[in-house]
Every structure is written in structure tokens, then in C-alpha cells.
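Step one of this worksheet: look at the structure below.
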Amino acid sequence: MNDSPGWASPGSPTDGEGSDGTQPPAQPTGGPKWSAEQPPPGQWSSPGTGAPETPAASPQQPQQGAGWGSYGGQQPGSQYGSPYGGQYGYPGGQGGPSAAKPGVIPLRPLGLGEILDGAVTTMRTHWRSVLSISLAVAVIVQLVSVLVQKYSMDELVIEPGSQPDAREVLDSIGSSMAVTLAALFIQLVGGILVTAMLTMVFSRAVLGQSSTVAGAWRESRGQLLRLAALTLLLGAGAVAAFTVLILPGVLADNLGLGVLGGFAALGLITWLWFKCSLASPALMLEKAKVFTALSRSSKLVKGSWWRIFGISLVTGILTSIVSAIIIWPLTLIGVAVFGGGMDGLADGSSMDSWGALVFAGIGSVIALTITMPMQSGVTVLLYIDQRIRREALDLELARAAGLENYGAGDHGTAPTPPSAAGGGPVTGG
71 MNDSPGWASP GSPTDGEGSD GTQPPAQPTG GPKWSAEQPP PGQWSSPGTG APETPAASPQ
131 QPQQGAGWGS YGGQQPGSQY GSPYGGQYGY PGGQGGPSAA KPGVIPLRPL GLGEILDGAV
191 TTMRTHWRSV LSISLAVAVI VQLVSVLVQK YSMDELVIEP GSQPDAREVL DSIGSSMAVT
251 LAALFIQLVG GILVTAMLTM VFSRAVLGQS STVAGAWRES RGQLLRLAAL TLLLGAGAVA
311 AFTVLILPGV LADNLGLGVL GGFAALGLIT WLWFKCSLAS PALMLEKAKV FTALSRSSKL
371 VKGSWWRIFG ISLVTGILTS IVSAIIIWPL TLIGVAVFGG GMDGLADGSS MDSWGALVFA
431 GIGSVIALTI TMPMQSGVTV LLYIDQRIRR EALDLELARA AGLENYGAGD HGTAPTPPSA
491 AGGGPVTGG
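If you're matching positions, the sequence shown starts at 71 in the working numbering and goes up one per residue.
Given below as C-alpha cells:
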């Protein structure tokens, strides 16, 4: 652990042992998860409502320099190890004070609406940094994509009324796949940059701190290669799983077996993908290595897979709707004006003109500028939410935000504030 108020390195309560390698004390019945004891997010009491309960004896408060998740020998998230009083032992629980909100989210377990609102609020409040990053990446991605499409599209056009032979069909399919793979690779690289930099912006926004593009780049660049390796590893794992499960059907020349293998591969890949969905913020914010980040994600997602899947699915649907609303009108305008209209659509030449490609590219730039921060923000906030539920991360977030008495109230000594509230990145080391 370091002395900065950063995201804790792995070695949290979910790892099963303390930072010195010793086992933590036995935990009371009830398990180490907040979720077993918490009311739904909508039941958190408003400020000034409800009479506070008689405070319980306070456990030892965290000392300055302790990493997030280390609280005087008590395992954060355990039923009795919380330094709060109240019925649920948590800020905002019935009879307790409402949760503090130094930044874009309250420091307590979050609901779907609060996660989406936190992502949108960050985009609105810190729009200069967020939109500058996503716009720059979106422009580069679409510029290269338009050039690739323009100079590869001639290979895909088949003259109307002609009967192409097998070689021409294979060449057309090969060119189409090449264009698709090139576009996906460009988007992959752009997505890595956006994820890395926006993770830092959102992590600061949780503490109520602003970010600059230069600052986000400085804090994230050290993890870019690891993030790229993580992204490629996940992609390669998905391809390998799909290949292995459909291979028996292909070798046996059995369509039914191949289809069954395809469905099994789809289910397995979906399960593993969301099991590893929090690896990216864990890698960036904890400065973890690739396999450590994957392990952290697996532990944080355990028991909450369906919840994370549902929130991610809702986010994907919303961003897809937004993208379609922006992209399709501009694409249709480009096809109607520059792509030959219905005739161009019929013979496949509608996107062969610069005008149609530019209009479609403009629509994609606008859509990516809006949707990439939304998706990245939801992932980061899901990671923070899971750590609050399991590791009482809100205590360390409050300390990093300079909230001196958060979680202590009348129950004991308040946590020591950071040496300079609001100073220093929230990236750990």
C-alpha cells in the first residue's frame, strides 16, 4: 500500500488475506458482502429523515496511508465490521445519515438509474475533457475507416446483370472481410485509448475533481500496453472458445452439431465476457497486471453476474438507439444525394462515392463521441459500485475526497484526511 489516496492495489478482502500475507480474523455469520444486508437503493433515507439509532461501539478507524480495503483488522463489508451505526451499518441505511456525494455519485451501493445518471453527469460536468478525448479518437477512427472503405469498395461492386464466377465471389468476400477486419482493428485501438483515458476522468469525477486531457493521458499511458494485451487476450479467448466448440460439427460435417456448438460457444463467451468485464478498470485504477486484473474482475463479479449483465445490456441498448438515431439519417442523406439513391443501393455502389462516405463518417463520429464515454463510464461506475458493496470502498473514497468525519459520526475518531484534499491522482501505484 502507498501513502497516496489512490485506488487500492489487489490484496483486498476478496483475496482472502491481508497485505502482509496473513489470514484475516474470522468473520461473523452473514458473509463479507454488503448486498446481503442492504436495502434497495431507493430506500436510502434522505438527509434529516429518521432518528439516528444509538451508536454502536466503533471499530478502529483507518489510518493515513492504509490502502482502500484495510480498516484496523476488520474486514470491510462484514456484518459487524462497519464503522457506521444504524440498522444496516452503512451510510444512508434506515436510521443512519444519508450518504455523502462529493462527486457524481453518492458513496453507497448504486442502482441502475444512479449509475446511468453518474455517467451522464460526468459527461455534462466535465464535457471539455470527456468529449475532447472521445471526439479526437472518433475522428481518427472514422477518417481511417472512410479511407479504407473508399479504396476497397471497388473490389466489392458487382456489375448489375452480370454472372460472377466463383473466383470473383471469393475475391469479393475476401475484400469485404479485409475491410471489416481493418475497421474493427482501428476501432479496437481507438477503444483502448478511450477506455484508458476516460477511466481516469471518471475516477476523478467520483471524488468531485476535474481532469484535463493531458492529465488523463499522463495517468493512463503507463498501463496502455497492459490494457492492449488484456483486450487482445479477451478477443483471442473468445475466438478460441468459438472455434473449439464448433469444430466437432465441422469435422463431422454435421450441421445440427455445428449449430449446437455455436449456441454453446455463444453462451460461454457471454458468461466469460461479463465475468471479465471489470478487468479494464481494475487494471487501470489498481495499476494491476493483466492476469491480476482478470482475477480481480472475477471476484468482484461473483454473485452479481446477472446484475452486471443487465445493466450492461441496458446501456448497450440505449447507446445503440442513440447511434442509430444519429447515423442512419445522415447515411440516408449521403446515399440519396451522392450515392445514386435506390439504384446505388441495388447495385452495391451507394457507398462508393466520397459524399456518401463522408456523411456516414460524420454520423459515426458524432455517435461515437457520445456513446463511447457512456459505455466507459458505466463500466467504471460498476467497478466502483462492486467495490463499495464488497470492500467498503466508500470510506477510502471519502477520505480521498477530504471528508474528514465520513463514516465516523459519533462512533469514534474520524479518519485522518489526506494531506491535501483534492490533490494527487486517484490512480494508485
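Glycine included, C-beta positions come from ideal geometry on N, C-alpha and C.
Quiz prompt | Identity of the residue in 367, 340 and 266 nearest residue 460 by Cα | solution = Start at 1 with the first residue of the sequence shown, and residue 460 comes out as number 390. Comparing Cα-Cα distances from residue 460 to each of 367, 340 and 266, the minimum goes to 367.
Quiz item: Three-state secondary structure (DSSP) at residue 369?
Solution: As a working mapping, residue 369 is identified with position 299 in the sequence shown. Helix.
Quiz prompt | For residue 247 and residue 331, the rounded distance between their alpha carbons | solution = Mapped onto the sequence shown, residue 331 falls at position 261. Mapped onto the sequence shown, residue 247 falls at position 177. So the two alpha carbons sit approximately 23 Å from each other.
Quiz item: With C-beta atoms as the reference, is residue 453 less than 8 Å away from residue 388?
Solution: Taking the first residue of the sequence shown as position 1, residue 453 is located at position 383. Taking the first residue of the sequence shown as position 1, residue 388 is located at position 318. No, the Cβ-Cβ distance between residue 453 and residue 388 is not below 8 Å.
Quiz item: For residue 399, is the classification buried or exposed, using 16 other Cβ atoms within 10 angstroms of its Cβ as the cut-off for buried?
Solution: The residue labelled residue 399 in the question sits at position 329 within the sequence shown. With fewer than 16 Cβ atoms within 10 Å of its Cβ, residue 399 is classed as exposed.
Self-check item: For residue 271 and residue 290, the rounded distance between their alpha carbons
Solution: Here residue 290 refers to the residue found at position 220 of the sequence shown. Here residue 271 refers to the residue found at position 201 of the sequence shown. Cα-Cα distance, rounded: 10 Å.
Exercise. Give the straight-line distance between the Cα atoms of residue 298 and residue 258, rounded to the nearest whole angstrom.
Key: The residue given as residue 298 occupies position 228 in the sequence shown. The residue given as residue 258 occupies position 188 in the sequence shown. Approximately 9 Å between the Cα atoms of the pair.
Quiz item: If we ignore side chains and look at the alpha-carbon of each, how far apart do residue 336 and residue 440 end up?
Solution: As a first step, residue 336 is located in the sequence shown; it is residue number 266 there, counting from the start. As a first step, residue 440 is located in the sequence shown; it is residue number 370 there, counting from the start. Spanning the two alpha carbons is a distance of roughly 28 Å.
Practice problem: Flag this pair as yes or no: are the beta carbons of residue 266 and residue 444 separated by less than 8 Å? | Solution: Reading the sequence shown from its first residue, position 196 is the one you call residue 266. Reading the sequence shown from its first residue, position 374 is the one you call residue 444. No, these two residues do not count as a Cβ contact at 8 Å.
Quiz item: With C-beta atoms as the reference, is residue 276 less than 8 Å away from residue 199?
Solution: What you label residue 276 is simply residue 206 of the sequence shown in a count that begins at 1. What you label residue 199 is simply residue 129 of the sequence shown in a count that begins at 1. Result no, Cβ atoms of residue 276 and residue 199 do not sit closer than 8 Å.
Quiz item: Helix, strand or coil: which one does DSSP assign to residue 473?
Solution: Position 403 of the sequence shown, counted from the start, is the residue given in the question as residue 473. Three-state result, residue 473: coil.
Quiz item: Looking only at its own chain, which residues have a Cβ that is under 8 Å from the Cβ of residue 425, when we skip the five neighbours before and after it?
Solution: Locating residue 425 in the sequence shown gives position 355, where the first residue counts as 1. Cβ neighbours of residue 425 beyond the five flanking positions: 404, 407, 408 and 409.
Quiz item: Apart from the five residues on each side of it in sequence, which residues of its chain come closer than 6 Å, Cβ to Cβ, to residue 338?
Solution: In the sequence shown, counting from the first residue as 1, residue 338 sits at position 268. So the qualifying residues of the chain are 311.
Quiz item: Do residue 209 and residue 428 come within 8 Å of each other at the CB atom, strictly closer than that value?
Solution: Along the sequence shown, one-based indexing puts residue 428 at 358. Along the sequence shown, one-based indexing puts residue 209 at 139. Contact flag unset, no.
Exercise. Could you have a look at residue 178 and say whether DSSP puts it in helix, strand or coil?
Key: To locate residue 178, count along the sequence shown from 1; it is residue 108. Residue 178: coil per DSSP, three-state reduction.
Exercise. Leaving aside the five residues before and after residue 286 along the sequence, list all residues of the same chain whose C-beta is less than 6 Å from its C-beta, in chain order.
Key: Here the question's residue 286 lines up with position 216 in the sequence shown. Contacts found: 267, 270 and 271.
Practice problem: Tell me whether the beta-carbon of residue 433 lies closer than 8 Å to the beta-carbon of residue 401. | Solution: As a working note, residue 433 is residue 363 in the sequence shown. As a working note, residue 401 is residue 331 in the sequence shown. In this structure, residue 401 lies closer than 8 Å to residue 433 by Cβ.
Quiz item: residue 356 by DSSP, collapsed to three states: which one?
Solution: Here residue 356 refers to the residue found at position 286 when the sequence shown is read from its first residue. Residue 356 falls in the coil class under three-state DSSP.
Quiz prompt | residue 422 (DSSP reduced to helix, strand or coil) | solution = For the purposes of this step, residue 422 is taken as residue 352 along the sequence shown, with counting starting at 1. Three-state DSSP puts residue 422 in coil, outside helix and strand.
Quiz item: Short check: CB of residue 264 to CB of residue 446, under 8 Å?
Solution: As a working note, residue 264 is residue 194 in the sequence shown. As a working note, residue 446 is residue 376 in the sequence shown. A contact, by the Cβ cut-off of 8 Å.
Quiz prompt | Helix, strand or coil at residue 281 according to DSSP, with G and I counted as helix | solution = Numbered from its first residue, the sequence shown carries residue 281 at position 211. Looking at residue 281 - three-state DSSP - the assignment turns out to be coil, as it is neither helix nor strand.
Quiz item: Roughly how many whole angstroms lie between the Cα atoms of residue 391 and residue 191?
Solution: Working through the sequence shown from its first residue, we reach residue 391 at position 321. Working through the sequence shown from its first residue, we reach residue 191 at position 121. Each residue's alpha carbon lies about 19 Å from the other.
Quiz item: Do you know how far the Cα of residue 176 is from the Cα of residue 423?
Solution: Your numbering for residue 423 matches position 353 in the sequence shown. Your numbering for residue 176 matches position 106 in the sequence shown. For residue 423 and residue 176, the distance between alpha carbons rounds to 50 Å.
Quiz prompt | Straight-line gap, residue 471 to residue 306 (C-alpha atoms, nearest Å) | solution = The residue you call residue 471 lines up with position 401 of the sequence shown. The residue you call residue 306 lines up with position 236 of the sequence shown. If you take the alpha carbons of residue 471 and residue 306, they lie about 39 Å apart.
Quiz item: Distance, Cα to Cα, residue 462 vs residue 179?
Solution: The sequence position of residue 462 within the sequence shown is 392, counting from 1. The sequence position of residue 179 within the sequence shown is 109, counting from 1. Approximately 10 Å, taken between the alpha carbons.
Practice problem: Report the rounded CA-to-CA distance for residue 273 versus residue 450, giving the unit in angstroms. | Solution: Numbered from its first residue, the sequence shown carries residue 273 at position 203. Numbered from its first residue, the sequence shown carries residue 450 at position 380. If I take the Cα positions, the gap works out to 7 Å.
Practice problem: Kindly indicate which residue of 448, 393 and 360 has the alpha-carbon position closest to the one of residue 382. | Solution: As a position in the sequence shown, residue 382 is number 312, starting the count at 1. Out of 448, 393 and 360, 448 has the C-alpha closest to the C-alpha of residue 382.
Self-check item: Under the three-state DSSP convention, the category residue 220 falls into
Solution: For the purposes of this step, residue 220 is taken as the residue at position 150 of the sequence shown. Here residue 220 sits in helix by DSSP.
Practice problem: Would you check if the distance between the CB atom of residue 216 and the CB atom of residue 303 is smaller than 8 Å? | Solution: Mapped onto the sequence shown, residue 216 falls at position 146. Mapped onto the sequence shown, residue 303 falls at position 233. No. Outside cutoff.
Self-check item: Alpha-carbon spacing of residue 214 relative to residue 207, whole angstroms
Solution: In the sequence shown, counting from the first residue as 1, residue 214 sits at position 144. In the sequence shown, counting from the first residue as 1, residue 207 sits at position 137. Looking at the two C-alpha atoms, the distance is approximately 11 Å.
Self-check item: Pairwise C-alpha distance: residue 181 and residue 352
Solution: Residue numbering aside, residue 352 sits at position 282 when the sequence shown is read from its first letter. Residue numbering aside, residue 181 sits at position 111 when the sequence shown is read from its first letter. Roughly 20 Å between the two C-alpha positions.
Quiz item: To the nearest angstrom, how far is it from the Cα of residue 187 to the Cα of residue 295?
Solution: Indexing the sequence shown from 1 puts residue 187 at position 117. Indexing the sequence shown from 1 puts residue 295 at position 225. If you take the alpha carbons of residue 187 and residue 295, they lie about 31 Å apart.
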